[in-house]
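Colleague: For the sequence shown, position 194 (counting from the first letter as 1) is numbered 193 according to numbering that gives the first Met the number 0, and the numbering increases by one without interruption. Even glycine gets a Cβ: it sits at the ideal position worked out from N, Cα and C. The structure's right below; bear with me while I get my questions together.
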Amino acid sequence: MREGVPDDPVRPLTARGYGDDHGIRACAQYAAHPDTVDVDPAIYSSLSIDAPAGVVRLYVTDPAQAASLIRAAKKRDPRIRAGSIDVRKARYTLTQLHAARSALCIQQQNKKLQYRLSYVAVEPDGSGLEVGTPDPDQAATAPLAPLTGDPAPVEIRFVKAAAVRPTAWRDIKWSDSAPYIGGDSLVGPDHADGPNYLNRCTAGLPTVRNSDGKQALLTAAHCYRPSDRIYTHNPPAPATGKFYTAPDTGKDKYVGTVDPLFSYYYDAEELVGSSNSADISDSTSWKPIASTAYSYNGDYVCQDGIASFFMGFGAVCGIEVKNQDITYTIVSSDGKQHTTRGVEGTRLPTNDWTVAEGDSGGMVYADNGSSVQARGIVSAGHETTTEDPSDASNYSNGPKSLTS
0 MREGVPDDPV
10 RPLTARGYGD
20 DHGIRACAQY
30 AAHPDTVDVD
40 PAIYSSLSID
50 APAGVVRLYV
60 TDPAQAASLI
70 RAAKKRDPRI
80 RAGSIDVRKA
90 RYTLTQLHAA
100 RSALCIQQQN
110 KKLQYRLSYV
120 AVEPDGSGLE
130 VGTPDPDQAA
140 TAPLAPLTGD
150 PAPVEIRFVK
160 AAAVRPTAWR
170 DIKWSDSAPY
180 IGGDSLVGPD
190 HADGPNYLNR
200 CTAGLPTVRN
210 SDGKQALLTA
220 AHCYRPSDRI
230 YTHNPPAPAT
240 GKFYTAPDTG
250 KDKYVGTVDP
260 LFSYYYDAEE
270 LVGSSNSADI
280 SDSTSWKPIA
290 STAYSYNGDY
300 VCQDGIASFF
310 MGFGAVCGIE
320 VKNQDITYTI
330 VSSDGKQHTT
340 RGVEGTRLPT
350 NDWTVAEGDS
360 GGMVYADNGS
370 SVQARGIVSA
380 GHETTTEDPS
390 DASNYSNGPK
400 SLTS
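Here's what the structure looks like:
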């Protein structure tokens, strides 16, 4: 078992290489997972990528020990250049921060907090936790229960934030045919409204299960319940800008059935039953999915949700990863609240769109021109509405969402 998810990973339908200027993604991969190079992970806190400069900023609690991590990583991967890693001192280890975050979530579940918790995120530099709440002033004065066994509690920075809301919505999507790909429309039962097929999300990553070789299509776990039969939507597709006002037209072609093995923690579920192809639909064409990877602070990604496409924004790019480790609570299709872990990205100042209701499940990816690299699937947005798209979006991160 791995973090509550059965060890039956799925793999992309293709596995071609992906460019890595300066080897910085290789640096990041080993730095973020020091156990892969037999280095004590007790000092590791966080990292961020400065792609234009070709630099990985590595945050550790004891910089003097970082050299051994870098040497071990370089021995495993010659692409790594020691000069590409900027070591910086962090206040807390990632283990400490995760323990404190879990304690906060447990306190909220047990109704021990005197404020409403919207999300908990690890600060990018390892300096503490960022806690989103509707009333940060009230939260800052509330008594703080011990979070970990350490003598000093982890520092918390409160920020004003409404509750995170799923980006799934009752919307229209075009009708693709098998094999299905990332970016296709999905429609399933709306359990709040009887058997009607009104619940719409976006197809994410096409995969193959290692356990039985079956093809599966990933989407967000908060969209549909286990054993739900999912379809594309009947034509005609809504006109540009009319995604939320076009009339309902019903279900069309069968895409797959939600597998009982899914993960609320990574907000990911599999649709099994039809054929898929390792492609993604962007604004104007189809592109192959070449590989998968994690996203790190400072990365830039795109998302291909159906709502964004039909509202006239196509595949949305220019989303900057601001926090690679955030936990939040959303209400899923079973009507219950579930804790989800993912990554947060925000739009650049020059962009007016990031994500909107209906994009849930859509693939988050890095565009490499002729192909793409999958990074995760859209999960939720902050204060997302049909009229005002979200400034920030959360998504399940990279390969860890690809489990079944």
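DSSP state of Gln108, grouped into three classes?
Modeller: Working through the sequence shown from its first residue, we reach residue 108 at position 109. Helix, per DSSP.
Colleague: Taking Cβ to Cβ, would you say Ser378 is nearer than 8 Å to Gly317?
Modeller: For the purposes of this step, residue 378 is taken as residue 379 along the sequence shown, with counting starting at 1. For the purposes of this step, residue 317 is taken as residue 318 along the sequence shown, with counting starting at 1. No, the pair does not count as a contact, with Cβ atoms beyond the cut-off.
Colleague: Going straight from the alpha carbon of Ile288 to that of Leu270, what length do you get?
Modeller: For this step, residue 288 is matched to residue 289 along the sequence shown. For this step, residue 270 is matched to residue 271 along the sequence shown. Distance between the alpha carbons of Ile288 and Leu270 is about 18 Å.
Colleague: Does DSSP put Ala205 in a helix, a strand or coil?
Modeller: Residue numbering aside, residue 205 sits at position 206 when the sequence shown is read from its first letter. According to the sequence shown, residue 205 is Pro rather than Ala. Looking at Pro205 - three-state DSSP - the assignment turns out to be strand.
Colleague: Quick check: what's the CA-CA separation for Cys301 versus Ala99?
Modeller: Here residue 301 refers to the residue found at position 302 when the sequence shown is read from its first residue. Here residue 99 refers to the residue found at position 100 when the sequence shown is read from its first residue. Each residue's Cα considered, the two are about 31 Å apart.
Colleague: Which residues share a DSSP beta bridge with His232?
Modeller: The count along the sequence shown starts at 1 and reaches residue 232 at position 233. Answer by DSSP bridge pairing, in chain order: Lys250.
Colleague: Could you have a look at Gly313 and say whether DSSP puts it in helix, strand or coil?
Modeller: Working through the sequence shown from its first residue, we reach residue 313 at position 314. Of the three classes helix, strand and coil, the one that applies to Gly313 here is coil, per DSSP.
Colleague: If you follow the alpha helix (DSSP H) that Pro51 is part of, which residue opens it and which one closes it?
Modeller: Here residue 51 refers to the residue found at position 52 of the sequence shown. Looking at the DSSP string, Pro51 is not in any alpha helix (DSSP H), and its letter there is neither H nor E.
Colleague: In the DSSP output, which residue or residues are listed as bridge partners for Val130?
Modeller: Here the question's residue 130 lines up with position 131 in the sequence shown. Answer is Val119 and Phe157.
Colleague: What do you reckon, are the CB atoms on Ile79 and Leu57 nearer than 8 Å?
Modeller: Here residue 79 refers to the residue found at position 80 of the sequence shown. Here residue 57 refers to the residue found at position 58 of the sequence shown. Against a cut-off of 8 Å, the Cβ pair of Leu57 and Ile79 comes out as no contact.
Colleague: In whole angstroms, what is the alpha-carbon distance linking Asp333 and Asp183?
Modeller: For the purposes of this step, residue 333 is taken as the residue at position 334 of the sequence shown. For the purposes of this step, residue 183 is taken as the residue at position 184 of the sequence shown. When rounded, the distance between both Cα atoms is 23 Å.
Colleague: Could you give the uninterrupted runs of the alpha helix (DSSP H) lying entirely in the region 290-342, keeping only those of 4 residues or more?
Modeller: Correct list: empty.
Colleague: Across the region 302-309 and the region 43-61, are there enough close Cβ pairs to call them in contact, namely three or more that are closer than 8 Å?
Modeller: Contact fails: fewer than three Cβ-Cβ distances are below 8 Å.
Colleague: Just checking, does the region 312-326 make contact with the region 342-361 on the three C-beta pairs under 8 Å criterion?
Modeller: With the cut-off at 8 Å, the region 312-326 and the region 342-361 touch.
Colleague: Since Ile84 sits in a beta bridge, which residues does DSSP pair it with?
Modeller: Counting from 1 along the sequence shown, the entry for residue 84 is found at position 85. In DSSP, Ile84 forms a bridge with Val55.
Colleague: For the alpha helix (DSSP H) containing Ile69, name the first residue and the last one.
Modeller: Taking the sequence shown and counting its residues from 1, the one referred to as residue 69 is at position 70. Per DSSP, Ile69 belongs to the alpha helix (DSSP H) from Ala65 to Arg75.
Colleague: Does Ser262 come out as helix, strand or coil in the three-state DSSP assignment?
Modeller: Counting from 1 along the sequence shown, the entry for residue 262 is found at position 263. If DSSP states are grouped into helix, strand and coil, Ser262 belongs with the strands.
Colleague: Can you check which of these residues, Gly368, Cys222, Asp278 and Val363, is closest to Phe261 by C-alpha distance?
Modeller: As a working mapping, residue 261 is identified with position 262 in the sequence shown. The residue with the shortest Cα to Cα distance from Phe261 is Cys222.
Colleague: Looking at the unbroken beta strand (DSSP E) that takes in Gln137, where does it start and where does it end?
Modeller: The sequence position of residue 137 within the sequence shown is 138, counting from 1. Unbroken run through Gln137 is the alpha helix (DSSP H), Pro135 to Thr140; no beta strand (DSSP E).
Colleague: Among Thr256, Ser290 and Asp247, which has the Cα closest to the Cα of Thr218?
Modeller: If you number the sequence shown from 1, residue 218 lands on position 219. Checking every option, the nearest Cα to that of Thr218 belongs to Thr256.
Colleague: When the distance is taken between beta carbons, is Val130 closer than 8 Å to Ala138?
Modeller: Along the sequence shown, one-based indexing puts residue 138 at 139. Along the sequence shown, one-based indexing puts residue 130 at 131. Yes, Cβ-Cβ distance for Ala138 and Val130 is below 8 Å.
Colleague: If you count every other CB in all the chains shown that lies within 10 Å of the CB of Pro235, and 16 or more means buried, which is it?
Modeller: For the purposes of this step, residue 235 is taken as the residue at position 236 of the sequence shown. Exposed: under 16 other Cβ atoms inside 10 Å.
Colleague: Just the Cα atoms here: how many angstroms apart are Lys213 and Asp258?
Modeller: Here residue 213 refers to the residue found at position 214 of the sequence shown. Here residue 258 refers to the residue found at position 259 of the sequence shown. One C-alpha to the other measures close to 12 Å.
Colleague: Hey, how far is the Cα of Tyr118 from the Cα of Cys104?
Modeller: Mapped onto the sequence shown, residue 118 falls at position 119. Mapped onto the sequence shown, residue 104 falls at position 105. Going by the C-alpha atoms only, they are around 9 Å apart.
Colleague: With distance defined between alpha-carbon atoms, name the residue in Ser176, Thr60, Gln336 and Gly380 nearest to Tyr264.
Modeller: On the sequence shown, position 265 is the one that residue 264 refers to. Cα-wise, what sits closest to Tyr264 is Gln336.
Colleague: Have a look at Phe308, Pro205, His97 and Gln107 and flag the residue whose alpha-carbon is nearest the alpha-carbon of Glu268.
Modeller: One-based indexing of the sequence shown puts residue 268 at position 269. Checked all of Phe308, Pro205, His97 and Gln107; the closest Cα to Glu268 is Pro205.
Colleague: Measure from the C-beta of Ser210 to each C-beta in chain D and report whether the shortest distance is under 8 Å.
Modeller: Looking for chain D here will not work: only one protein chain is present.
Colleague: Would you mind stating whether Lys159 and Pro135 have Cβ atoms separated by less than 8 Å?
Modeller: Here residue 159 refers to the residue found at position 160 of the sequence shown. Here residue 135 refers to the residue found at position 136 of the sequence shown. Their beta carbons are under 8 Å apart, which means Lys159 touches Pro135 by this criterion.
Colleague: Measure the C-alpha to C-alpha separation of Leu46 and Asp298 and round it to an integer number of angstroms.
Modeller: Translated into the one-based positions of the sequence shown, residue 46 becomes position 47. Translated into the one-based positions of the sequence shown, residue 298 becomes position 299. So the alpha carbons of these two residues sit roughly 11 Å apart.
Colleague: Would you mind sorting Pro123 into buried or exposed? The rule is 16 or more other CB atoms within 10 Å of its CB.
Modeller: Sequence index remark: in the sequence shown, residue 123 carries index 124 (1-based). Pro123 comes out buried.
Colleague: Can you give the Cα-Cα distance for Ser274 and Arg228, rounded to whole angstroms?
Modeller: Taking the sequence shown and counting its residues from 1, one reaches residue 274 at position 275. Taking the sequence shown and counting its residues from 1, one reaches residue 228 at position 229. Their backbone Cα atoms lie some 15 Å apart in a straight line.
Colleague: Any idea what DSSP makes of Pro237, helix, strand or coil?
Modeller: On the sequence shown, position 238 is the one that residue 237 refers to. It is coil, neither helix nor strand.
Colleague: Smallest Cα separation from Asp175: which of Thr328, Gly125, Ala215 and Thr231?
Modeller: Taking the first residue of the sequence shown as position 1, residue 175 is located at position 176. With distances taken between Cα atoms, Asp175 lies closest to Thr231.
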